[in-house]
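Take a look at the structure set out below.
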Amino acid sequence: MHRFFYSSYNRLKQRRTLFFIFVIGVLIAQIFVATRIHFNEDVSRFIPKNSENKILQKVLAATNFNDNIIVLISKEAAVETAELTEFAEVFLDSLNIDSSNYIESIQGYVEDENALAILDFSYQHAPLFLNETDYKLISEKLSKDSLREITKSNYKSIISPSGIISRDLILKDPLKISLLALQNLNPLGFKDDFVLKNGFLVTKDEKNLLLFITPKADESSKVSVEKLTENLRNVQTELNKGSNKNISIEYYGGPIIADGNATQIKTDIGLTVGIALTLLMLLFIVFYRNIGIPIILLIPTIFGGLLGICVLYVIRDQVSAISLGIGSILLGVTLDYALHILTHIRNGSSIQNLYLDISKPILMSSLTTALAFLCLLFVDSQALQDLGIFASVSVVGASIFALIFIPQAYRPNLEISKASITPKNTFLDKIADYRFHNNKFMLLILVILMVVSVFTYNKVGFNHDLSSLNYMNTELKQTENRLDAITNVSDKSLYLSAYGNNFEDVLQTNDTVYEILLNLEKSNTIKSFNSLSTYLKSEKFQNEKINRWKDFWNLEIIDSTRLNLIEAGKEYGFKEDAFQQFYEYLNSVIRPVNRTDFVELGSFQLENFYATTNDFSTATTVVKVDESQIENLKSAFAKLENTLVIDRQEINENLLGNLKNDFNHLILYCSLAVIILIFLFYRNVKLTLVTVLPILITWLVTIGIMGLLDLEFNIFNIIISSFIFGLGVDYSIFITNGMLNNVDNSTMALRTNKTSILLSVLSTIMGIGVMIFAKHPALHSIALISIIGILTAMIIAFTIQPLLFNLMIRTRNGKN
């Protein structure tokens with residue numbers, strides 16, 4: 001193995017210029033291929049595919065879960081409502097100037113021309129939106145005395161200053177049937193807690209005005225949302241600095257929380273990574289005494305990552321972007337290989353001795369790590385399989401490339417005999433020289449930790465709640481509290497999805513869902529709901545509504561109503577044919593409405609409620625429910641076919657639970673794979689035990705300390721734990737090989753390996769551990785677990801492993 005790399009080194013040394021040109025050409029080709037790959041950001045690709053969740057995945061893929069941005073405009077008591085609505089108009093004007101390209105719709109506001117169009121729509125299609133309570137009210141209006149009072153009221157309205165506006169509506173609809181329909185149609189989607197003032201939705205006390213912005217959902221939706229939130233912040237700053245200090249504007253919603261998280265992550269990473277990179281650069285440059293060392297270290301890692309992407313490009317049509325993001329974090333283990341090679345060269349190893357000492361452990365480390373990642377292929381999840389392929393190819397590619405590239409790039413002409421080695425005496429070298437396994441106090445602490453870990457190991461839980469990993473500043477929390485008092489924004493939201501292959505069938509199912517939800521709302525099982533059936537019902541149901549209208553307005557009732565209106569009208573000077581439009585309306589043909597009618601109307605954003613393709617459709621209802629009533633809601637729909645109660649948080653928790661279970665199984669598979677591969681390399685049971693036992697002890701103590709400190713795993717730090725597992729494997733392999741080569745005092749293999757491990761620990765803590773100072777909870781948890789795991793892996797490799805080696809491998813005279 002080492003002979004192949006040494007002979008390759010000698011051949012390439014004669015053609016170094018061509019070699020570097022070839023490397024540059026390969027990197028450019030890899031970058032070209034990587035830019036052509038198609039990414040998929042669908043989180044559902046993490047869900048293992050089986051018959052149980054096939055329908056769920058299909059519904060999730062089709063359902064529109066647009067997160068709205070809630071705009072809260074508030075005023076002090078002394079401010080008039082007119083000023084509040086004027087402020088809102090200025091806000092909308094500012095938004096239309098800069099952000100119209102990023103907004104799908106704005107709800108909570110009805111323009112004057114739209115209001116008239118909606119009223120006309122409710123008049124033309126009133127029978128479709130009336131309920132039995134409305135028919136009871138209409139029936140009460142049809143008596144002679146009631147019609148006389150109605151005619152009197154209509155007469156007063158016509159002769160009033162606003163009579164020009166109300167006259168036409170009264171003449172064609174004297175019973176105000178269209179207003180009853182409009183009330184049920186509810187174009188703004190809110191109930192009795194809100195009123196309409198100057199076209200805006202305000203609370204009953206008129207202190208708060210609400211708007212709901214739906215960002216555009218397209219291929220560039222992420223960019224659109226980012227740009228929209230940026231523009232909203234700018235508008236907020238300008239308006240809050242304005243002349244009216246008694247009116248304020250605030251934002252809330254998923255995109256705003258995500259923007260706050262992204263901003264905080266950028267701030268944290270900008271600060272911590274800036275510090276980390278500066279320290280790492282200084283550490284590497286001072287330790288290796290070469291200003292180009294950071295580039296030499298990173299090129300193998302870049303090569304390995306690009307190679308992994310290229311392999312995925314060949315075998316996949318689309319690649320999970322999330323998997324590559326996770327894999328990129330795990331690629332930090334490849335930096336370890338470059339550190340080992342550079343440290344051996346720095347400590348004076350000849351190139352021949354370098355390959356003799358280092359090629360086997362590096363290949364062992366990379367292959368064991370790659371094999372562990374390949375275990376992900378046994379999980380029936382596209383995204384996790386992508387992660388396994390990407391990480392395994394990257395790790396092996398980076399290790400082999402590092403063995404070939406680094407000796408050529410870093411002091412390539414070094415040919416030092418073994419006798420000419422001059423030991424270095426830096427601070428790290430002195431620590432590497434220290435015999436940790438002879439320190440009884442340290443050993444006692446480790447023994448105590450191992451014993452305690454046996455009892456605290458099972459205390460470590462898994463945090464399924466992604467919301468607890470979000471960062472919310474004080475301002476956003478205060479906005480949430482204010483909105484919660486107005487709209488119960490923090491109440492649990494569930495989604496009821498009716499699905500099927502035919503849109504009409506889906507609408508029929510959704511009508512049934514609507515009726516059940518009405519009953520659940522009356523019984524206080526749910527707090528509120530917003531359904532497509534409020535606006536668009538199935539054609540079957542609409543025909544039933546039309547028949548109900550026809551049955552009610554039979555010829556006898558129409559004639560009686562006409563005669564009573566004529567008689568009552570004479571008293572106030574109305575002509576006999578004054579309400580002729582109304583009589584014709586009662587005899588007109590009513591047709592069902594469809595999606596196109598609402599699209600043309602423009603004021604109803606029904607696309608938020610349904611999604612349809614050639615062969616699959618969904619209709620989704622948003623339900624607000626108390627946590628204690630969730631099971632009752634689910635049981636109400638348990639037997640209704642072609643419906644799903646979707647709890648997005650529960651799906652995320654199940655998804656994370658599946659990932660946790662997968663990782664638990666994979667740790668077992670990985671451990672077995674690592675043990676088998678290490679045994680195949682060493683072909684010695686004792687050497688295998690000496691190498692594997694510290695890895696298992698590290699895992700036990702790391703999780704034991706987490707249990708002792710009451711720390712939890714989450715989706716972020718559980719992935720970092722895999723990274724720590726990989727580094728722990730590397731440390732153990734290099735300590736074993738160092739001790740095997742440390743036959744006499746003239747051999748520095750163990751010290752050199754320990755020095756490179758120390759460099760790896762320092763670089764990891766500087767790179768990831770420095771995020772312990774981050775405010776974002778996810779970054780903080782990653783840093784905390786990485787510090788605990790890396791330090792534990794190093795200390796056990798430096799203490800327990802030499803003891804195991806001396807106990808199981810060395811003879812009494814100190815020989816191997």
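Numbered by my numbering, the letters in the sequence shown go through residues 1 to 816 in order. Just so you know, even glycine gets a beta-carbon here, dropped at the ideal spot from N, CA and C.
Just the C-alpha distance for residue i and residue j, rounded to the nearest angstrom, thanks.
i: residue 3; j: residue 9; result: 10 Å
i: residue 392; j: residue 734; result: 20 Å
i: residue 149; j: residue 183; result: 22 Å
i: residue 738; j: residue 478; result: 58 Å
i: residue 91; j: residue 235; result: 7 Å
i: residue 635; j: residue 621; result: 16 Å
i: residue 84; j: residue 248; result: 10 Å
i: residue 81; j: residue 108; result: 16 Å
i: residue 284; j: residue 752; result: 15 Å
i: residue 367; j: residue 17; result: 30 Å
i: residue 207; j: residue 73; result: 8 Å
i: residue 807; j: residue 750; result: 17 Å
i: residue 290; j: residue 307; result: 27 Å
i: residue 463; j: residue 679; result: 36 Å
i: residue 447; j: residue 796; result: 11 Å
i: residue 533; j: residue 495; result: 14 Å
i: residue 25; j: residue 263; result: 37 Å
i: residue 573; j: residue 556; result: 25 Å
i: residue 59; j: residue 507; result: 15 Å
i: residue 140; j: residue 601; result: 32 Å
i: residue 75; j: residue 89; result: 15 Å
i: residue 480; j: residue 474; result: 10 Å
i: residue 813; j: residue 740; result: For residue 813, the pLDDT reaches just 44, beneath the cut-off of 50, and the residue's location in the model is therefore unreliable, although a value from the coordinates is still provided. When rounded, the distance between both Cα atoms is 15 Å.
i: residue 95; j: residue 241; result: 16 Å
i: residue 245; j: residue 121; result: 40 Å
i: residue 413; j: residue 346; result: Summary for residue 413: the model assigns pLDDT 44, below 50, so the residue's position carries little reliability; its value from the coordinates is reported in the next sentence. Answer to the nearest angstrom: the Cα atoms are 13 Å apart.
Relative to the alpha-carbon of residue i, which residue among the options has its alpha-carbon at the smallest distance?
i: residue 261; options: 185, 705, 471; result: 471
i: residue 641; options: 597, 570, 510; result: 510
i: residue 437; options: 369, 674, 803; result: 803
i: residue 821; options: 176, 15, 105, 356; result: Absent from the model: residue 821. The displayed extent of the chain is 1 to 816, so no value can be given.
i: residue 399; options: 426, 216, 341; result: 341
i: residue 672; options: 373, 647, 427; result: 373
i: residue 517; options: 637, 15, 783; result: 637
i: residue 185; options: 156, 159, 230, 134; result: 134
i: residue 116; options: 352, 561, 178, 282; result: 178
i: residue 254; options: 426, 404, 493, 406; result: 493
i: residue 119; options: 155, 172, 461, 78; result: 172
i: residue 318; options: 19, 350, 155, 36; result: 36
i: residue 23; options: 409, 609, 87; result: 409
i: residue 130; options: 352, 161, 31, 543; result: 543
Using a Cβ-Cβ cut-off of 8 Å (strictly less than) and excluding sequence neighbours within five positions of residue i, which residues of its own chain qualify?
i: residue 457; result: 700, 703, 704, 707
i: residue 194; result: 188, 201, 202, 203, 204, 210
i: residue 404; result: 5, 8, 9, 12
Please go through the same chain and pick out, in chain order, the residues whose beta-carbon is closer than 6 Å to the beta-carbon of residue i, but skip the five residues on each side of it.
i: residue 196; result: none
i: residue 817; result: Missing from the structure shown is residue 817; the chain here goes from 1 to 816 and no further.
i: residue 688; result: 678, 679, 682
i: residue 583; result: 562
Report the CB separation of residue i from residue j in whole angstroms; it is logged as a contact under 8 Å.
i: residue 286; j: residue 389; result: Not really, about 38 Å apart at Cβ, beyond 8 Å.
i: residue 97; j: residue 251; result: Actually they do not touch by this definition, with Cβ atoms about 18 Å apart.
i: residue 721; j: residue 769; result: With 8 Å as the limit, residue 721 and residue 769 do not qualify as a contact, their Cβ atoms being about 14 Å apart.
i: residue 727; j: residue 764; result: 7 Å
i: residue 126; j: residue 309; result: Going by Cβ atoms, the distance from residue 126 to residue 309 rounds to 60 Å, so no, they are not a contact pair.
Can you list, in chain order, the residues of its chain whose CB lies under 7 Å from that of residue i, leaving out five sequence neighbours each side?
i: residue 343; result: 752, 755, 756, 759
i: residue 612; result: 503
i: residue 370; result: 392, 395, 396
i: residue 606; result: 532, 535, 536, 595, 598
i: residue 691; result: 678, 732, 733, 736
i: residue 104; result: 214, 215, 216, 217
i: residue 68; result: 212, 213, 214, 253
For residue i, is the beta carbon positioned less than 6 Å from some heavy atom of the ligand MN?
i: residue 613; result: The ligand MN is absent from the structure shown, which contains no ligands of any kind.
| query | Do the segment 544-556 and the segment 583-592 meet, that is, are 3 or more Cβ pairs less than 8 Å apart? | reply | Look at the beta carbons and you see the segment 544-556 touching the segment 583-592: at least three pairs across the two are nearer than 8 Å.
| Does the count of Cβ pairs from the segment 534-548 and the segment 560-567 closer than 8 Å reach three? | Note that the segment 534-548 does not touch the segment 560-567; fewer than 3 beta-carbon pairs, one per stretch, sit closer than 8 Å.
| contact_flag[the segment 687-699, the segment 723-733] where n(CB pairs < 8 Å) is 3 or more | The segment 687-699 vs the segment 723-733: in contact.
| query | How do the segment 794-803 and the segment 437-450 stand: do at least 3 beta-carbon pairs fall below 8 Å, yes or no? | reply | Counting Cβ pairs under 8 Å, three or more are found: they touch.
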